[in-house]
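As structure tokens, the structure follows; a few thoughts come after it.
4 protein chains.
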Amino acid sequence: MERRLTPRGKERRRQLLAFATQRFAEHGYHPTSVADIVSGLGVGKGVFYWYFESKEQLMLEVLREAQQSLRRAQQDAIGDEPDPVRRIELGIRASMAWFDRNRSLVNLFQFAASEERFAPAMRRGQEVALADTVRHVKEAVVEGRVRDSDPDLLSHAILGVTGQLARTFIHERNASVDEIADAAVAFCLDGLSGS
Amino acid sequence: MERRLTPRGKERRRQLLAFATQRFAEHGYHPTSVADIVSGLGVGKGVFYWYFESKEQLMLEVLREAQQSLRRAQQDAIGDEPDPVRRIELGIRASMAWFDRNRSLVNLFQFAASEERFAPAMRRGQEVALADTVRHVKEAVVEGRVRDSDPDLLSHAILGVTGQLARTFIHERNASVDEIADAAVAFCLDGLSGS
Amino acid sequence: MERRLTPRGKERRRQLLAFATQRFAEHGYHPTSVADIVSGLGVGKGVFYWYFESKEQLMLEVLREAQQSLRRAQQDAIGDEPDPVRRIELGIRASMAWFDRNRSLVNLFQFAASEERFAPAMRRGQEVALADTVRHVKEAVVEGRVRDSDPDLLSHAILGVTGQLARTFIHERNASVDEIADAAVAFCLDGLSGS
Amino acid sequence: MERRLTPRGKERRRQLLAFATQRFAEHGYHPTSVADIVSGLGVGKGVFYWYFESKEQLMLEVLREAQQSLRRAQQDAIGDEPDPVRRIELGIRASMAWFDRNRSLVNLFQFAASEERFAPAMRRGQEVALADTVRHVKEAVVEGRVRDSDPDLLSHAILGVTGQLARTFIHERNASVDEIADAAVAFCLDGLSGS
DNA sequence: GATGAATGAGTCTTCATTCAT
DNA sequence: CATGAATGAAGACTCATTCAT
């Protein structure tokens with residue numbers, strides 16, 4: 256593999272990746288056959304295997320791209336904000352917005368995390384994204400803005416809240432992102448008790 | 256379908272359900288074939304279709320049973336505790352303990368939630384379990400122990416924290432349940448800020 | 256695998272094996288598809304995989320059976336003949352007759368010997384058959400009836416003569432078996448020089 | 256086809272032929288794809304079909320070249336030796352040496368002989384090489400040095416011994432060529448009986 | 001001359017489901 | 001009730017060959 260591609264080739268590859276991403280996200284990995292993908296693009300079956308080693312490899316690439324995109328969205332939102340707590344908040348809001356824009360990918364992430372073949376890749380991706388949060392949390396602890404508890408645990412808790420609310424209220428109920436994001440932020444900062 | 260079963264028949268059915276649950280949980284739904292299930296029990300393929308309409312129906316039943324079991328564990332733990340906040344805490348701890356005892360089912364839940372065919376069933380099950388929490392939250396709000404925010408959102412947030420920590424730290428890292436439960440409870444009650 | 260088969264099942268298996276043997280022998284391994292085999296028997300594709308693990312395993316079984324059959328023919332012909340030189344002769348004649356009766360298998364043997372996946376099996380089978388010849392040769396050497404040379408080499412030479420004459424004159428030119436067998440025996444016993 | 260090639264074109268063609276020969280010999284005809292061949296040479300797929308009509312034609316050419324090379328080796332070794340028996344011996348030794356130098360081609364020959372598409376070509380090639388031996392044998396018969404039997408049969412027997420010993424002891428066991436050649440010569444001249 | 005791209009029929013294999021016994 | 005047998009659509013993947021550029 257590792258082909259040198261002409262511009263036209265690169266374009267085809269992008270097409271395939273994009274189309275497959277959409278299909279995987281909307282119909283699921285298993286229900287989407289390679290035949291679906293190529294016929295959806297109106298090309299021969301061989302084209303797929305010219306650009307990708309296997310359906311599995313393609314999926315891995317889809318996941319990688321999506322995770323990168325999510326992370327970039329978070330980083331873009333955070334910018335160089337100096338306040339670590341504010342950075343956490345911005346991260347949550349950015350994630351929620353991304354989830355909103357990429358609703359169907361949430362499902363795909365969930366599936367991937369549950370399947371032996373893709374779980375490791377998901378884990379790796381999450382660890383990267385998590386490391387950012389951990390950094391903010393640690394700084395906030397130093398500043399005395401957050402109680403001194405295992406930053407890994409705290410970060411995962413944040414992630415859990417964000418993910419669950421996104422899944423439930425955005426993906427499934429079509430709610431307004433901002434409200435949900437507000438709720439997530441509030442819960443993460445103050446829990447049930449409120450300030 | 257809806258057969259009247261002899262005691263021996265009921266036993267057979269239970270066996271199939273139990274074995275399938277284990278297989279689905281450990282290897283996944285797709286990788287577990289009906290042939291695996293019946294040959295694992297040393298019976299013919301006809302047996303399966305005598306007791307279950309299809310693989311899909313079986314899965315649905317597996318999911319229903321598991322969700323019931325989780326819910327029962329929560330209710331048993333809560334008993335008739337009068338303090339609503341304490342009830343929330345007991346619920347979290349009971350869930351965490353159940354996740355610990357049924358590690359592999361967590362994966363199955365995640366898969367089921369991501370697959371069109373099973374997502375509705377998962378949703379329904381979760382709604383039932385969530386209704387309990389919502390009740391506790393509402394009471395706590397009335398008592399002024401929890402800030403007055405959408406109880407549905409709050410409950411989902413709790414669920415998100417619990418689920419994420421369970422998945423990450425129990426299922427994947429083999430951590431001690433109690434510590435994780437403590438962390439989940441603390442986060443849910445006080446968020447990042449601490450009391 | 257390793258199924259317990261009903262009489263009907265055993266019959267089917269035999270059918271498949273026999274039909275596949277014929278096809279492989281007449282058309283070759285690669286040109287014969289699993290689809291050819293099952294459709295030739297008028298059964299569904301699944302039937303094949305009910306009885307055999309893979310096309311490759313089937314081929315291995317075909318080869319094993321054929322080699323066994325050849326060896327049995329040799330042993331039957333030799334019986335308990337006391338004279339070792341006569342035993343060699345009987346072996347050659349029996350082989351030649353078998354090659355005649357199973358012309359197309361000769362080709363299959365040749366193919367199998369040339370293909371990495373089947374060569375080891377062929378080698379093992381040949382070693383078994385060769386051991387017999389080696390025994391006769393050794394005895395004949397002891398009796399002074401054959402010159403004292405490496406029995407392994409001598410045995411292979413015998414095999415080479417027999418095989419080549421069979422391939423050329425029986426398989427390809429449809430010659431009379433007995434004449435060819437006479438020639439092979441004469442050459443093996445006396446070489447070019449004659450007595 | 257039948258292109259007029261520039262010197263550079265001829266060189267390309269030779270390269271392709273040489274590389275394909277090596278691949279076919281080492282990995283087999285079927286397992287070697289056209290893509291393997293061209294990518295092994297770092298050229299595009301079009302190149303292949305510029306110089307060769309098809310994979311099959313290429314194989315045919317590979318076989319022809321190899322058979323020619325073998326025959327040339329035999330003729331070179333024989334030179335103008337007047338003694339026909341000696342010529343036979345020299346032919347055997349030359350063949351054995353060639354088989355040693357081109358071990359992997361032996362397999363390819365065997366495969367080709369077993370495949371309908373290539374068998375005729377193999378046969379034709381062998382007939383040519385055999386005609387030489389037949390000539391020597393006939394002369395030897397006239398001189399009374401070899402018993403008066405069908406020269407065709409005798410020649411094939413010689414070829415059978417040589418081929419089998421080469422395949423077994425050189426190709427598979429890495430034995431010394433000279434010893435094997437000695438054994439082949441001795442067997443051909445005197446059979447089992449010895450002089 | 002040469003390249004990368006595209007084709008599509010064909011390969012082996014899997015598996016939920018049905019059925020005769 | 002239960003079994004082993006059978007079905008056949010569907011799946012992922014391969015590869016010789018052709019073609020536009």
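Residue numbers (my numbering), protein chains in the order written: chain P, 256 to 450; chain L, 256 to 450; chain W, 256 to 450; chain A, 256 to 450. Beta carbons: idealized from backbone N, C-alpha and C, even for Gly.
> Around the Cβ of P:THR261, are there at least 16 other Cβ atoms within 10 angstroms (buried) or fewer (exposed)?
Replying inline: Within the first sequence, the letter at position 6 stands for residue 261 of chain P. Exposed: under 16 other Cβ atoms inside 10 Å.
>> Would A:ARG402 pass as an interface residue toward chain W - the criterion being a Cβ-Cβ separation below 8 Å?
In response: Translated into positions along the fourth sequence, residue 402 of chain A becomes position 147. It does; some Cβ of chain W falls within 8 Å.
>> Do P:ALA280 and P:SER359 count as a contact pair if the criterion is CB distance below 8 Å?
In response: Within the first sequence, residue 359 of chain P is the residue found at index 104, counting from 1. Within the first sequence, residue 280 of chain P is the residue found at index 25, counting from 1. Yes, the Cβ-Cβ distance between P:SER359 and P:ALA280 is below 8 Å.
> Which residues, in order along the stretch 356-373 of chain W, keep a beta-carbon less than 7 Å from a beta-carbon of chain A?
Replying inline: ASN362, GLN365, PHE366, ALA368, SER369, GLU370 and GLU371
> Can you tell me whether DSSP reads A:MET256 as helix, strand or coil?
Replying inline: Taking the fourth sequence and counting its residues from 1, the one referred to as residue 256 of chain A is at position 1. Low per-residue confidence applies at A:MET256: pLDDT is 48, beneath 50, and the placement is therefore not dependable enough to give any value.
> For W:PHE357, which three-state DSSP category applies?
Replying inline: Stepping through the third sequence from its first residue, residue 357 of chain W is reached at position 102. Going by the sequence as given, residue 357 of chain W is Asn instead of Phe. Coil at W:ASN357, not helix or strand.
> Can you give the Cα-Cα distance for W:ILE456 and W:THR388, rounded to whole angstroms?
Replying inline: This structure cannot settle anything about residue 456 of chain W, because the visible part of chain W is limited to 256 through 450.
>> Report the CB separation of W:ASN362 from A:SER369 in whole angstroms; it is logged as a contact under 8 Å.
In response: For the purposes of this step, residue 362 of chain W is identified with residue 107 of the third sequence, where counting begins at 1. For the purposes of this step, residue 369 of chain A is identified with residue 114 of the fourth sequence, where counting begins at 1. Between A:SER369 and W:ASN362 the Cβ distance is about 5 Å, and since that is below 8 Å, they are a contact.
>> If the cut-off is 8 Å on Cβ atoms, which residues from the stretch 334-349 of chain L count as contacting chain P, listed in chain order?
In response: VAL340 and ILE343
> So which residues of chain L does P:VAL416 contact, with C-beta pairs closer than 7 Å?
Replying inline: On the first sequence, residue 416 of chain P is found 161 positions in, with the first residue counted as 1. Per Cβ cutoff of 7 Å: ALA412, GLY415 and VAL416.
> Distance, Cα to Cα, P:GLU398 vs P:LEU385?
Replying inline: The count along the first sequence starts at 1 and reaches residue 398 of chain P at position 143. The count along the first sequence starts at 1 and reaches residue 385 of chain P at position 130. For P:GLU398 and P:LEU385, the distance between alpha carbons rounds to 20 Å.
> Where does W:ALA430 fall in DSSP's three states?
Replying inline: If you number the third sequence from 1, residue 430 of chain W lands on position 175. In the structure shown, W:ALA430 sits in coil (DSSP, three-state: anything other than H, G, I, E or B).
> When the Cα atoms are used, what is the spatial distance from A:PHE354 to W:VAL293?
Replying inline: Translated into positions along the fourth sequence, residue 354 of chain A becomes position 99. Translated into positions along the third sequence, residue 293 of chain W becomes position 38. Distance between the alpha carbons of A:PHE354 and W:VAL293 is about 41 Å.
>> Below 8 Å, how does it come out for the stretch 263-279 of chain P and the stretch 287-301 of chain P: are there three or more Cβ pairs, yes or no?
In response: yes
> So what's A:HIS282 in DSSP terms, helix, strand or just coil?
Replying inline: On the fourth sequence, position 27 is the one that residue 282 of chain A refers to. In this structure, A:HIS282 counts as helix in the three-state DSSP scheme.
> Using a C-beta to C-beta distance shorter than 9 Å, which residues of chain W count as neighbours of A:PHE420?
Replying inline: Mapped onto the fourth sequence, residue 420 of chain A falls at position 165. Here the sequence assigns Leu to residue 420 of chain A, which means Phe is not the residue at that position. Chain W residues near A:LEU420: LEU408, HIS411, ALA412 and GLY415.
> Starting from W:ILE292 and walking both ways along the alpha helix (DSSP H), at which residues does that stretch end?
Replying inline: Here residue 292 of chain W is taken as the residue at index 37 of the third sequence, counted from 1. 289-296 is the span of the alpha helix (DSSP H), which, as asked, contains W:ILE292.
>> Judging by CA-CA distance, which residue of W:GLN419, W:VAL416 and W:HIS391 is the nearest neighbour of W:PRO406?
In response: Your numbering for residue 406 of chain W matches position 151 in the third sequence. Nearest option by C-alpha distance: W:HIS391.
> Just how far apart, CA to CA, sit L:GLY456 and W:GLY301?
Replying inline: With chain L running from 256 to 450 in the structure shown, residue 456 of chain L is simply not present.
> Closest Cβ-Cβ distance between A:ASP291 and chain W: below 8 Å?
Replying inline: To locate residue 291 of chain A, count along the fourth sequence from 1; it is residue 36. No, its Cβ sits nowhere closer than 8 Å to a Cβ of chain W.
>> Between P:PHE442 and chain L, is the shortest Cβ-Cβ distance under 8 Å, so that the two count as touching?
In response: Walking along the first sequence from the start, residue 442 of chain P turns up at place 187. So, interface residue.
> How should P:GLN496 be labelled, buried or exposed, when 16 other C-beta atoms within 10 angstroms of its C-beta is the threshold for buried?
Replying inline: One cannot answer for residue 496 of chain P here, as it falls past the ends of chain P, which runs 256 to 450.
>> Relative to the C-alpha of W:GLN381, which candidate in W:GLY334, W:ARG341, W:ILE435 and W:LEU325 has its C-alpha closest?
In response: In the third sequence, counting from the first residue as 1, residue 381 of chain W sits at position 126. When only C-alpha atoms are compared, the closest one is W:LEU325.
> For L:GLU371, which option in L:LYS265, L:SER410, L:GLY299 and L:LEU315 has the closest C-alpha, if you only look at C-alpha atoms?
Replying inline: Start at 1 with the first residue of the second sequence, and residue 371 of chain L comes out as number 116. Of the listed residues, the one whose Cα sits closest to L:GLU371 is L:LEU315.
> Quick one: Cα of A:THR423 to Cα of A:ASP335, how far?
Replying inline: Residue mapping note: residue 423 of chain A aligns to position 168 of the fourth sequence, counting from 1. Residue mapping note: residue 335 of chain A aligns to position 80 of the fourth sequence, counting from 1. For A:THR423 and A:ASP335, the distance between alpha carbons rounds to 31 Å.
>> My parser needs the alpha helix (DSSP H) runs of 4 or more residues fully inside the stretch 365-439 of chain P; what are they?
In response: 374-397 and 406-420
>> What does the Cβ neighbour count give for L:SER350, buried or exposed, with the cut at 16 atoms within 10 Å?
In response: Stepping through the second sequence from its first residue, residue 350 of chain L is reached at position 95. The residue in question, L:SER350, is buried, as its Cβ has 16 or more Cβ neighbours within 10 Å.
> Considering only the beta carbon of each residue, do L:VAL416 and P:GLY418 sit closer than 8 Å?
Replying inline: Mapped onto the second sequence, residue 416 of chain L falls at position 161. Mapped onto the first sequence, residue 418 of chain P falls at position 163. No, Cβ-Cβ distance for L:VAL416 and P:GLY418 is not below 8 Å.
> Can you tell me the Cα-Cα spacing of W:PHE303 and W:ARG319, whole angstroms?
Replying inline: The sequence position of residue 303 of chain W within the third sequence is 48, counting from 1. The sequence position of residue 319 of chain W within the third sequence is 64, counting from 1. Using only the alpha carbons, I get a separation of about 19 Å.
> What does W:LEU315 reach in chain A if we use C-beta pairs closer than 8 Å?
Replying inline: Residue 315 of chain W sits at position 60 when you count from the first residue of the third sequence. Under the 8 Å cutoff, chain A gives no residues; its nearest Cβ is about 17 Å from W:LEU315.
> Checking contacts by CB at 8 Å: is L:HIS285 closer than that to chain P?
Replying inline: Taking the second sequence and counting its residues from 1, one reaches residue 285 of chain L at position 30. Taking Cβ atoms only, chain P reaches closer than 8 Å to L:HIS285, which makes this a yes.
> If the cut is a Cβ gap below 7 Å, which residues of chain L does P:THR423 touch?
Replying inline: Stepping through the first sequence from its first residue, residue 423 of chain P is reached at position 168. What P:THR423 touches in chain L: HIS411.
> Would you say W:LEU444 and A:SER410 are within 8 Å of each other, going by their C-beta atoms?
Replying inline: As a working mapping, residue 444 of chain W is identified with position 189 in the third sequence. As a working mapping, residue 410 of chain A is identified with position 155 in the fourth sequence. No; because the gap between Cβ atoms is not below 8 Å, this pair is not in contact.
>> Within 10 Å of its beta-carbon, does L:ASP339 have 16 or more other beta-carbons around it, so buried, or fewer, so exposed?
In response: Taking the first residue of the second sequence as 1, we reach residue 339 of chain L at position 84. The sequence shown places Pro at residue 339 of chain L, rather than the Asp named in the question. That one is buried.
> Taking the alpha-carbon positions, what's the L:PRO375 to P:ASP433 distance?
Replying inline: Here residue 375 of chain L corresponds to residue number 120 of the second sequence, with the count starting at 1. Here residue 433 of chain P corresponds to residue number 178 of the first sequence, with the count starting at 1. Each residue's alpha carbon lies about 26 Å from the other.
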